[in-house]
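The block underneath contains the structure these notes are about, expressed in structure tokens.
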Amino acid sequence: MSVKQFTVATNEAREQAIKQRVADFVWPAQMQLQPEENAWAYGMDQDWLKSFCAYWVNEYRWQDTVDELNRFDHFTAEMDGLNIHFIREDGSGETPQVLLMTHGWPGSVYEFIEVIDRLAHPEKYGGLAEDGLTVICPSLPGYGFSDAPSRPIGQVTTAALWDRLMRKELGFDTFIAQGGDWGSVVTSLIGLNHSVEKGGGCKAIHINMYGLRSETAPETEEEEKWLAEAAAIMQAESAYLQLQVTKPQTLAYAMSESPVGAAAWILEKFYAWSDLPLTDGKPDMLKRYSRHALASNLMIYLMTDSFMSATWFYRGFAEEMPHIPPGEKIAVPVGVGKFQDTYLSFPPRRMMEDNYNIAHWAEFDDAGHFAAMENPEQFASAIFDFIAAL
Numbered sequence: 001m002s003v004k005q006f007t008v009a010t011n012e013a014r015e016q017a018i019k020q021r022v023a024d025f026v027w028p029a030q031m032q033l034q035p036e037e038n039a040w041a042y043g044m045d046q047d048w049l050k051s052f053c054a055y056w057v058n059e060y061r062w063q064d065t066v067d068e069l070n071r072f073d074h075f076t077a078e079m080d081g082l083n084i085h086f087i088r089e090d091g092s093g094e095t096p097q098v099l100l101m102t103h104g105w106p107g108s109v110y111e112f113i114e115v116i117d118r119l120a121h122p123e124k125y126g127g128l129a130e131d132g133l134t135v136i137c138p139s140l141p142g143y144g145f146s147d148a149p150s151r152p153i154g155q156v157t158t159a160a161l162w163d164r165l166m167r168k169e170l171g172f173d174t175f176i177a178q179g180g181d182w183g184s185v186v187t188s189l190i191g192l193n194h195s196v197e198k199g200g201g202c203k204a205i206h207i208n209m210y211g212l213r214s215e216t217a218p219e220t221e222e223e224e225k226w227l228a229e230a231a232a233i234m235q236a237e238s239a240y241l242q243l244q245v246t247k248p249q250t251l252a253y254a255m256s257e258s259p260v261g262a263a264a265w266i267l268e269k270f271y272a273w274s275d276l277p278l279t280d281g282k283p284d285m286l287k288r289y290s291r292h293a294l295a296s297n298l299m300i301y302l303m304t305d306s307f308m309s310a311t312w313f314y315r316g317f318a319e320e321m322p323h324i325p326p327g328e329k330i331a332v333p334v335g336v337g338k339f340q341d342t343y344l345s346f347p348p349r350r351m352m353e354d355n356y357n358i359a360h361w362a363e364f365d366d367a368g369h370f371a372a373m374e375n376p377e378q379f380a381s382a383i384f385d386f387i388a389a390l
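Residue numbers (the working numbering): 1 to 390.
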């Protein structure tokens, strides 16, 4: 076995260098907007970002994030020359089931910081100890505390790595996989290619984003409407994706040099893709997330210098082109957690059933794309309800 213990470290010199760049940032001229306009409609709201940067420089401490993360046991496993980082929290009870949770972009393992304990030890939150899950949360290759590959790899390769991690490195015979964003693509591929029936360890999957799409044609007015709305949203929201798929290196030079630029690039997505409460009729990100949580996720990219290598995962997608082959189906039981994700929403159920063996479908009204961060209690309930239905 190549598994070694790992501790998230402080690095005061790097933290201070990042904060100094933020403090020294020369702000561009602000767009002149009408009072009724929402500045976020044009991208990052400069007034909001200035306020966030003041907090970042003067109040935020990387040490607090380190302490949060190190509440859990961290490890690395060497596979194909890469040290892959993961969190492991063993579940309560005598024979807990095993849950593999995969994050996406622009997230990190920090997305799960408030759900790991809920899932592993439900008795602390009004549940039963016997329902506790052993939770494994890896950092994607090139993200955070995992090594970056020498060149882009994608979701097909990562799904195979994750199955090896679970079965060969950690010794689990079977596991349930869960994911959102890129994690939903990786998870779907684990279910497709690495099921128990195909010699892998996956016995079921749960997804909270429709990542690995099928080609099912619409048949109803509802389905036609969803398809048109999905196309319009992709047109409006996917410019970042096209850049990261085609020219990730060009973007990386700007973001590696400018922490404020990286903050704008990442945090705008938290605004656009989250289910945000309103203040004076406008979405309010700080009613959903604390500044500390937003800064913690951002700083994982900056403290590990992984903004660039994380974008390679998009190029890896273009090179590997993951898909469900015609006539094939994800045969393991599939759970769908349909949150209020305005970016990559699920279609009407029938459009998935040709390619997904849907065993459980649940809809939620108080979280969006980053469901585990936005509403940890609701997210954990979605997982427990799915497993109970198996």
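Every residue, glycine too, gets a C-beta built ideally from N, C-alpha and C.
> Cα separation between Q227 and L140?
Replying inline: For the purposes of this step, residue 227 is taken as residue 227 along the sequence shown, with counting starting at 1. For the purposes of this step, residue 140 is taken as residue 140 along the sequence shown, with counting starting at 1. In the sequence as displayed, the identity of residue 227 is Leu instead of Gln. For the pair L227 and L140, the Cα-to-Cα distance works out to about 30 Å.
> Out of curiosity, what's the CA-to-CA distance linking F384 and A362?
Replying inline: Along the sequence shown, read from residue 1 onward, the residue named residue 384 stands at position 384. Along the sequence shown, read from residue 1 onward, the residue named residue 362 stands at position 362. The straight-line gap from Cα to Cα measures roughly 12 Å.
> By Cβ distance, which residues of its chain are closer than 7 Å to W40, with the 5 residues on each side in sequence left out?
Replying inline: The residue labelled residue 40 in the question sits at position 40 within the sequence shown. Apart from the 5 residues on each side of it in sequence, W40 sits with its Cβ closer than 7 Å to the Cβ of Y271 in its chain, given in chain order.
> Pick from N193, Y210, Q155 and I18: whose alpha carbon is nearest that of Y314?
Replying inline: As a first step, residue 314 is located in the sequence shown; it is residue number 314 there, counting from the start. Selected option, being the one with the closest Cα: Q155.
> What residues match up with R88 in a beta bridge as DSSP calls it?
Replying inline: Sequence index remark: in the sequence shown, residue 88 carries index 88 (1-based). DSSP, once it has assigned bridges, lists D73 and I136 as partnering R88.
> Mapping DSSP to helix, strand and coil, what is H360?
Replying inline: Counting from 1 along the sequence shown, the entry for residue 360 is found at position 360. In this structure, H360 counts as strand in the three-state DSSP scheme.
>> On the CB-based measure, 16 or more other CB atoms within 10 Å of its CB, does G327 come out buried or exposed?
In response: Here the question's residue 327 lines up with position 327 in the sequence shown. Counting Cβ neighbours within 10 Å, G327 comes out exposed, since fewer than 16 surround it.
> Given 8 Å as the limit, is there contact between the segment 202-210 and the segment 163-181, that is, 3 or more CB pairs closer than that?
Replying inline: When Cβ pairs closer than 8 Å are counted between the two stretches, the segment 202-210 is seen to touch the segment 163-181, the count reaching three or more.
>> Quick check on this structure: which residue in W62, Y289, A54 and Q30 has the alpha carbon closest to the alpha carbon of E12?
In response: Translated into positions along the sequence shown, residue 12 becomes position 12. Checked all of W62, Y289, A54 and Q30; the closest Cα to E12 is W62.
>> For R213, tell me which candidate among L82, M351, Q378 and H369 has the shortest Cα-Cα distance.
In response: Along the sequence shown, one-based indexing puts residue 213 at 213. Here the closest residue by C-alpha is M351.
>> Residues in the same chain with beta-carbon distance under 6 Å from I136, minus the five sequence neighbours each way, listed in chain order, please.
In response: As a first step, residue 136 must be located in the sequence shown, where it is residue number 136. Around I136: F86, R88 and L100.
> What residues in its chain sit with their C-beta under 7 Å from that of P259, if we drop five residues either side in the sequence?
Replying inline: On the sequence shown, position 259 is the one that residue 259 refers to. Around P259: I18, R21, V22 and L302.
>> Checking 8 Å against the spacing of the C-beta atoms, do V3 and F112 come in under that value?
In response: Position 3 of the sequence shown, counted from the start, is the residue given in the question as residue 3. Position 112 of the sequence shown, counted from the start, is the residue given in the question as residue 112. It is not a contact, given that the beta carbons lie outside the stated cut-off.
> By DSSP, does Q246 sit in helix, in strand, or in coil?
Replying inline: Position 246 of the sequence shown holds residue 246. The sequence given here places Thr at residue 246; Gln does not occur at that position. Under the three-state reduction of DSSP output, T246 falls in the helix class.
> Around the Cβ of W27, are there at least 16 other Cβ atoms within 10 angstroms (buried) or fewer (exposed)?
Replying inline: Locating residue 27 in the sequence shown gives position 27, counting from the first residue. Flag for W27 reads exposed.
>> So, does the segment 362-376 touch the segment 316-330, judging by three or more C-beta pairs under 8 Å?
In response: The segment 362-376 vs the segment 316-330: no contact.
>> Taking DSSP's pairing of strands, which residues face S195 in a bridge?
In response: Numbered from its first residue, the sequence shown carries residue 195 at position 195. In DSSP, S195 forms a bridge with C202.
> Buried or exposed: R118, going by 16 or more other Cβ atoms within 10 Å of its Cβ?
Replying inline: Within the sequence shown, numbered from 1, the residue matching residue 118 stands at position 118. By the C-beta density criterion, R118 is buried, having at least 16 other C-beta atoms within 10 angstroms.
> Of all the options I116, E78, T216 and I153, which has the alpha carbon lying nearest to the alpha carbon of L412?
Replying inline: Outside the modelled stretch of the chain, which goes from 1 to 390, sits residue 412, for which no answer is possible.
> Taking the alpha carbon of S306 as the point to measure from, which residue in M321, A388 and S256 has its own alpha carbon closest?
Replying inline: In the sequence shown, residue 306 corresponds to position 306, counting from 1. Checked all of M321, A388 and S256; the closest Cα to S306 is S256.
>> Measuring straight from C-alpha to C-alpha, what distance separates D47 and E377?
In response: Counting from one through the sequence shown, the residue named residue 47 turns up at place 47. Counting from one through the sequence shown, the residue named residue 377 turns up at place 377. Spanning the alpha carbons of D47 and E377 requires a straight line of approximately 32 Å.
> Buried or exposed: which applies to K247, given that a residue is buried once 16 or more other Cβ atoms fall within 10 Å of its Cβ?
Replying inline: The sequence position of residue 247 within the sequence shown is 247, counting from 1. Under this definition K247 is an exposed residue.
> Roughly how many angstroms separate the alpha carbons of T115 and M166, rounded to a whole number?
Replying inline: Within the sequence shown, the letter at position 115 stands for residue 115. Within the sequence shown, the letter at position 166 stands for residue 166. Going by the sequence as given, residue 115 is Val instead of Thr. Their Cα atoms are separated by approximately 20 Å.
> Mapping DSSP to helix, strand and coil, what is L278?
Replying inline: Translated into the one-based positions of the sequence shown, residue 278 becomes position 278. Here L278 sits in strand by DSSP.
> Could you give the distance in angstroms between the alpha-carbon of M209 and the alpha-carbon of Q34?
Replying inline: The count along the sequence shown starts at 1 and reaches residue 209 at position 209. The count along the sequence shown starts at 1 and reaches residue 34 at position 34. Those two C-alpha atoms are separated by around 35 Å.
>> Going by C-alpha to C-alpha distance, which of F72, G81 and G144 sits closest to A120?
In response: Translated into positions along the sequence shown, residue 120 becomes position 120. Among F72, G81 and G144, the Cα nearest to that of A120 is on F72.
>> Could you check whether T311 and Q235 sit closer than 8 Å to each other, using their CB atoms as the reference points?
In response: Walking along the sequence shown from the start, residue 235 turns up at place 235. Walking along the sequence shown from the start, residue 311 turns up at place 311. Cβ distance not < 8 Å, so Q235 and T311 don't count as in contact.
> Within 10 angstroms of its Cβ, does L390 collect 16 or more other Cβ (buried), or is it exposed?
Replying inline: As a position in the sequence shown, residue 390 is number 390, starting the count at 1. It is exposed - the Cβ of L390 has fewer than 16 other Cβ atoms within 10 Å.
> Apart from the five residues just before and just after D90, which ones in its own chain have a Cβ nearer than 8 Å to its Cβ?
Replying inline: Within the sequence shown, residue 90 is the residue found at index 90, counting from 1. Excluding residues within five positions, the ones whose Cβ falls inside 8 Å are P96, A120 and T134.
> If we count the other Cβ atoms within 10 Å of its Cβ and call it buried at 16 or more, is S290 buried or exposed?
Replying inline: On the sequence shown, residue 290 is found 290 positions in, with the first residue counted as 1. With fewer than 16 neighbouring CB atoms inside 10 Å of its own CB, S290 falls in the exposed class.
>> What residue range does the beta strand (DSSP E) around F175 cover?
In response: The sequence position of residue 175 within the sequence shown is 175, counting from 1. First-last of the beta strand (DSSP E) with F175: F175 to G179.
> Out of curiosity, what's the CA-to-CA distance linking E197 and Y253?
Replying inline: Along the sequence shown, read from residue 1 onward, the residue named residue 197 stands at position 197. Along the sequence shown, read from residue 1 onward, the residue named residue 253 stands at position 253. Cα to Cα, the separation comes out at about 45 Å.
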